[in-house]
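Undergrad:
In this note's numbering, the protein residues as written are 376 to 614.
Okay, structure coming up:
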């Protein structure tokens, strides 16, 4: 399995704060059968003004720490890029980070609540025009999307991919509506990837996927489970 959304690097955003937490996350992922993790720390100006250089440095520090502890797990670089009317200009400045820094797929996050100044669909179109395929992070958590599932359908029709959180699939998200909407997305076959969105080695959002894989396999079949956890995630880091 490949986890395409995981805040495993320490000290760069609102997730893992210290070295030991990140190493514990690595151990949890290994025990769960995860083979590859994409380190998707926040890029959210001005709160988390991370750059590819900063994130690569943090990744190398984690890999060195893993080597010291004898831990083996493939980790590649990425980022969760926050896009709104203030930050979309960063796209032209090449300040957003794509999966594996390959320039093909980019994890995108929007504001939880509706903002009259924002037009997420326009932002996605602009990203596509740059030759980059947006991967929309946890669409089930955006309150303004709950009003109309056709928003998600239109994004997929444009060529975007939808990444739903493991916790939402399992009904564990603290936002109850996210759990409900995730089920709707699954029923409508509007999901492309399931990821952990892990932030730390405790609470519900830790780097595990096996339980969600089994849930999808049981309710929607092995073909879709493999698609969400193996096949589509592999494309993000290999193309």
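Virtual Cβ for every residue (Gly too), placed ideally from N, Cα, C.
Predicted model only: the values in this text are computed from it and were never measured.
(1) What ranges does the beta strand (DSSP E) occupy inside the region 409-437, keeping only unbroken runs of at least 3 residues that lie completely in it?
(2) Residues bridged to residue 400 by DSSP?
(3) List in chain order: all unbroken beta strand (DSSP E) runs of 3+ residues lying wholly within the region 504-547.
(4) Taking Cβ positions, are residue 502 and residue 465 nearer each other than 9 Å?
(5) Which residues in the same chain have their Cβ closer than 8 Å to the Cβ of residue 586, if we skip the five residues on either side of it in sequence?
(6) Are three or more beta carbon pairs between the region 574-593 and the region 413-431 nearer than 8 Å?
(7) What do you get for residue 496, buried or exposed, if any count of 16 or more other CB atoms within 10 angstroms of its CB means buried?
(8) Starting from residue 592, follow the alpha helix (DSSP H) in both directions and report where the run begins and ends.
(9) Can you grab the Cα-Cα spacing for the pair residue 573 / residue 610, in whole Å?
(10) Between residue 377 and residue 591, is the Cβ-Cβ spacing less than 9 Å?
(11) Quick one: any contact between the region 514-527 and the region 484-498, if contact means 3 or more CB pairs under 8 Å?
(12) Looking at residue 382 and residue 416, is the spacing between their C-beta atoms short of 9 Å?
(13) Kindly identify the DSSP beta-bridge partner or partners of residue 569.
TA: In short:
(1) 411-414
(2) Taking the first residue of the chain shown as 1, we reach residue 400 at position 25. When beta bridges are read from the DSSP output, residue 400 appears opposite no residue.
(3) 508-512 and 536-540
(4) Here residue 502 is taken as the residue at index 127 of the chain shown, counted from 1. Here residue 465 is taken as the residue at index 90 of the chain shown, counted from 1. With a cutoff of 9 Å on beta-carbon distance, residue 502 and residue 465 are scored as not near each other.
(5) Taking the first residue of the chain shown as position 1, residue 586 is located at position 211. Counting only Cβ-Cβ distances below 8 Å, and skipping sequence neighbours, we find 541 and 545.
(6) no
(7) Numbered from 1 along the chain shown, position 121 holds the residue referred to as residue 496. Residue 496 should be labelled exposed.
(8) Start at 1 with the first residue of the chain shown, and residue 592 comes out as number 217. Here the alpha helix (DSSP H) through residue 592 covers 585-595.
(9) Taking the first residue of the chain shown as position 1, residue 573 is located at position 198. Taking the first residue of the chain shown as position 1, residue 610 is located at position 235. Rounded to whole angstroms, the separation of the alpha carbons of residue 610 and residue 573 is 21 Å.
(10) The sequence position of residue 377 within the chain shown is 2, counting from 1. The sequence position of residue 591 within the chain shown is 216, counting from 1. The answer is no: Cβ separation not under 9 Å.
(11) yes
(12) Sequence index remark: in the chain shown, residue 416 carries index 41 (1-based). Sequence index remark: in the chain shown, residue 382 carries index 7 (1-based). In this structure, residue 382 lies closer than 9 Å to residue 416 by Cβ.
(13) Counting from one through the chain shown, the residue named residue 569 turns up at place 194. DSSP output for residue 569 lists 539 as bridge partner(s).
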